[in-house]
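Protein chains in written order, with our numbering: chain A, 1 to 203; chain B, 1 to 203; chain C, 1 to 203; chain D, 1 to 203.
The C-beta atom is built at its ideal place from N, Cα and C for all residues, glycine as well.
Note that the structure is predicted; figures quoted are calculated from it, not measured.
Number of protein chains: 4
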Amino acid sequence: MATGAGGPRGRGRPRTPGAEDKILAAALEEYGEHGWSGFTMDAVARRAGVGKSTVYLRWHDKDALLTEAVTRHGIELTTVDTGTLRGDLLALAGNLLRHFHSPAGWATIRVTFDVASAHERLGGFSRAVSQVHGRQVELICQRAKDRGEMDPGIWPGVVTEAIYGAAMINSLSERLEGREDDEAYLDERAAWLVDLVLLDITR
Amino acid sequence: MATGAGGPRGRGRPRTPGAEDKILAAALEEYGEHGWSGFTMDAVARRAGVGKSTVYLRWHDKDALLTEAVTRHGIELTTVDTGTLRGDLLALAGNLLRHFHSPAGWATIRVTFDVASAHERLGGFSRAVSQVHGRQVELICQRAKDRGEMDPGIWPGVVTEAIYGAAMINSLSERLEGREDDEAYLDERAAWLVDLVLLDITR
Amino acid sequence: MATGAGGPRGRGRPRTPGAEDKILAAALEEYGEHGWSGFTMDAVARRAGVGKSTVYLRWHDKDALLTEAVTRHGIELTTVDTGTLRGDLLALAGNLLRHFHSPAGWATIRVTFDVASAHERLGGFSRAVSQVHGRQVELICQRAKDRGEMDPGIWPGVVTEAIYGAAMINSLSERLEGREDDEAYLDERAAWLVDLVLLDITR
Amino acid sequence: MATGAGGPRGRGRPRTPGAEDKILAAALEEYGEHGWSGFTMDAVARRAGVGKSTVYLRWHDKDALLTEAVTRHGIELTTVDTGTLRGDLLALAGNLLRHFHSPAGWATIRVTFDVASAHERLGGFSRAVSQVHGRQVELICQRAKDRGEMDPGIWPGVVTEAIYGAAMINSLSERLEGREDDEAYLDERAAWLVDLVLLDITR
DNA sequence: CGATAAGCGAGACGGTACGTCACGTCTTGGC
DNA sequence: GCCAAGACGTGACGTACCGTCTCGCTTATCG
């Protein structure tokens, strides 16, 4: 992961400010267009208009770059406090479905699976994904529990797995079948999904 | 995909019968051990004890080999007729969870996601996955409908997506957290999942 | 080298009579067109209209085939008894120049040089070339000595080397310069060459 | 042929200075030890201690590398001004005989013949050989003509062909017969050859 | 005549080298 | 000391050819 800003302000030329964002964006675009094979560091550097050394100065290798590129965009997921559990979950599920249907969101999924396959280096990324994504659901559940909408004994992971799993499989099957994006359909699926989850946790 | 059997019985030396299976098995093992990067055709050929030409004679490139290796093993999933919808779904969910936790099953997922990302060549594979996996659920649902256990108006795709999505996300989260396999836990999850689905389709 | 005819007349199907000549001819043509690199056994077999096994049944490997193809054609060189040393040498030199300018003759030279570079297996070929070519000159010289035209003390090798070396370098330089074949020029060169040799051996 | 030195001084890392010489030397050694077959680019790169990309960056393919390797060493032939035509020719003939008996010189011959067979790409190499080798003889002849030792009407090519052809055939026949190198014999042959040429051009 | 044997065209086989390409590192001059 | 450019050593890619092998077939001799 890139060395965060700040630091003791070294002596030489400072790192070009916009470089990191340009590179991360280029990485995501390349990954989206060409997939893992066909995703080359040279192409990323060329597309970002920087030299390879600038890339390798910030990320140790290909995996690290791609992982962070994907994490950054996956992290943008936010939730709103609508006042009801159903409203919160509806917003989350809708965002998630839309996210997974976007190139960046889809890339997130793929990288997550790749990372989950490599036992050695999953530390940072899995933690990031688990925490960032899981945290949102925990917040929602906590609010619901505070309001008395939800049994305090229920583990929020159940909700997380249900929503994320459904969104993932939905996105996958649509892609396999070549279906087109359809906002109304996504909303409908979100509603169906949330009601199912509510049914389950109040069962 | 390898040229199917049969044909007009060409004139030259026939292709070595066992070669394809050996190569596919070697491919799966290599993929399981080393992941996509680190999966090399030379290693597959060496492990299978064949020359590279023998591999490339059957599969056009790395992707094609891996795709078929994974499809073959993903296709082995079968179901049993236990006499009840719940029993059928329990067997399916249990098999699926165990499958996705195995190296070959996990590889299936990864390759499926990769294939779903490449719009050009998903034809054969996505059809295979959709049909083979979807067909099992359709059979189960048809039997349930015949027995009057299930409302004929329900689209089996709902069941498929729920079970596969849950199995997938479950396998993913276990891997991300480094959890170990646990038969009892898998059975418990399967039961929980099936009951959720039943709750949904009888809602 | 191919097993000559005759033999005890085995039991199985006899070797197809014309095959050897077809293969040798095809080999020479391939060599002439594509050189050593680009000279492939598959192409030879295809051009000759036979299977590879038919080729390998007769020659142990590529070298052996090419060597014999070239030897066969190099061996066709014959001389005539014109009654005078100068006439005999003129005929020989003319034939030789023409031979080296033909594709087959040029191939002979190239293969000879290749063979001369491989110390292990030059046995058969070098003997063939030395004897076949050297023998002609020896015969001419013997007749000349018998007629009293030539000092018996002169080693015929001198004549051989002079004529063959000149013909070889002549052919080489013409090729390097892209000059076209020219019968009259060849005859002129032959005459000049022979007179030079005569000058030398009567010196 | 490798891009000559100089140039506009590009921006990236300069090509490693010694690499070309190391590679050319390694190529000659490999060729000398293993001949054309058995001459592999991997082995050349390994022996030179460089990567294959470094080789292919400079030479387009195997032929180009070998051709230049041989040209470089063939070009080293120089002559001395001994003050007499016979002395100059003796020195040249001696050098040439020794050159053709050395592995590098012999390789020059072989490659020259190969190049002379490929009509497409003989441009650079044949010109190099013709000019470099022919130029030496022209210089010798010019000096002889200036001194009045040689009829100005004689074309120096006659001398070139005679000396080079004799040296070539001599080296070839020695190799075919497996004769060992013998300095005294080479000098004797050189003297005999030069006297023959002198006899001819003063005839 | 049928059995036996070898040649034959076709082409798959295990290897190995080809020439290309990407990785991650290193080395310039310029900023 | 960061940067763009690009050469470097390494190693996998997918192709092509080597020399061997295994088919089904043909063409001979021998019993």
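Put simply, of C:G35, C:I201, C:L92, C:D21 the residue whose alpha carbon is nearest the alpha carbon of A191 (chain C) is C:L92. Each residue's CA atom was taken as its position, placing L176 (chain C) and A184 (chain D) some 33 angstroms apart.
For chain A, the residues of the stretch 163–174 of chain B that bring a beta carbon within less than 7 angstroms of one of its beta carbons are Y164, G165, A166, M168, I169, N170, L172, S173, in chain order. Residue contact with chain C for D200 (chain D): present (Cβ-Cβ distance below 8 angstroms to some residue of chain C). Residues of the stretch 17–41 of chain A that bring their beta carbon within less than 8 angstroms of a beta carbon in chain B comprise G35, W36, S37, in sequence order. Rounded to the nearest angstrom, the Cβ distance from L196 (chain B) to D200 (chain A) is 5 angstroms, consistent with a contact under 8 angstroms.
The residue from C:E138, C:G165, C:A162 with its alpha-carbon nearest to that of P152 (chain C) is C:E138. The stretch 36–99 of chain C is shown to contain no whole beta strand (DSSP E) run of 3 or more residues.
Looking from the CA of V55 (chain A), the closest CA among A:G83, A:H73, A:R15, A:R72 belongs to A:R15. Boundaries for P14 (chain D): no alpha helix (DSSP H) harbours it, and the DSSP string shows neither H nor E there. Residue burial is scored here from C-beta neighbours: H73 (chain C) has at least 16 other C-beta atoms within 10 angstroms and is therefore classed as buried. A107 (chain B) is a Cβ neighbour of V70 (chain B), given a cutoff of 8 angstroms. Around the beta carbon of Q131 (chain B), fewer than 16 other beta carbons lie within 10 angstroms, which makes this residue exposed.
Between L97 (chain C) and A162 (chain C), the gap from beta carbon to beta carbon reaches 8 angstroms or more. Within the model, the alpha-carbon separation for G18 (chain C) versus F39 (chain C) is close to 22 angstroms. Here the C-alpha atom of A104 (chain B) lies approximately 22 angstroms from the C-alpha atom of V50 (chain B).
The beta-carbon distance between D81 (chain B) and R143 (chain B), rounded to whole angstroms, is 7 angstroms. This is short enough to meet the 8 angstroms contact definition. According to the DSSP assignment, S173 (chain D) belongs to the alpha helix (DSSP H) that extends over 156–177. The alpha-carbon separation between D182 (chain A) and W59 (chain D) amounts to approximately 55 angstroms. Counting only the Cα atoms, R189 (chain C) lies some 15 angstroms from I154 (chain D). Counting of Cβ neighbours within 10 angstroms places S53 (chain C) among the exposed residues, the total staying below 16. Taking the CA atoms as reference points, L90 (chain D) sits about 12 angstroms from G83 (chain D). The C-beta of E161 (chain D) comes closer than 8 angstroms to at least one C-beta of chain C.
R110 (chain C) counts as buried, since at least 16 other C-beta atoms from the protein chains shown sit within 10 angstroms of its C-beta.
The C-beta distance from Q136 (chain B) to T67 (chain B) rounds to 20 angstroms, too long to meet the 8 angstroms contact threshold.
Chain-ordered, the chain C residues with CB closer than 7 angstroms to the CB of L196 (chain D) read D200. Considering only D:T160, D:D21, D:Y31, the residue with the shortest C-alpha distance to A48 (chain D) is D:D21.
Taking H101 (chain C) as reference, the option from C:G157, C:W36, C:Y164 with the minimal CA-CA separation is C:Y164. Contact check for L172 (chain C) against A116 (chain D) passes: the beta carbons are separated by less than 8 angstroms.
In the DSSP annotation of this structure, the continuous segment of the alpha helix (DSSP H) that includes D21 (chain D) starts and ends at 19–34. G148 (chain B) has its alpha-carbon roughly 31 angstroms from the corresponding atom of N170 (chain B). Counting only the Cα atoms, G134 (chain A) lies some 7 angstroms from G157 (chain A). Secondary structure note for D195 (chain D): its alpha helix (DSSP H) is the uninterrupted segment 183–201. Taking 8 angstroms as the threshold, the shortest C-beta distance from L89 (chain C) to chain D does not fall below it.
Take the alpha-carbon of G94 (chain B) and the one of L57 (chain A): they are about 47 angstroms apart.
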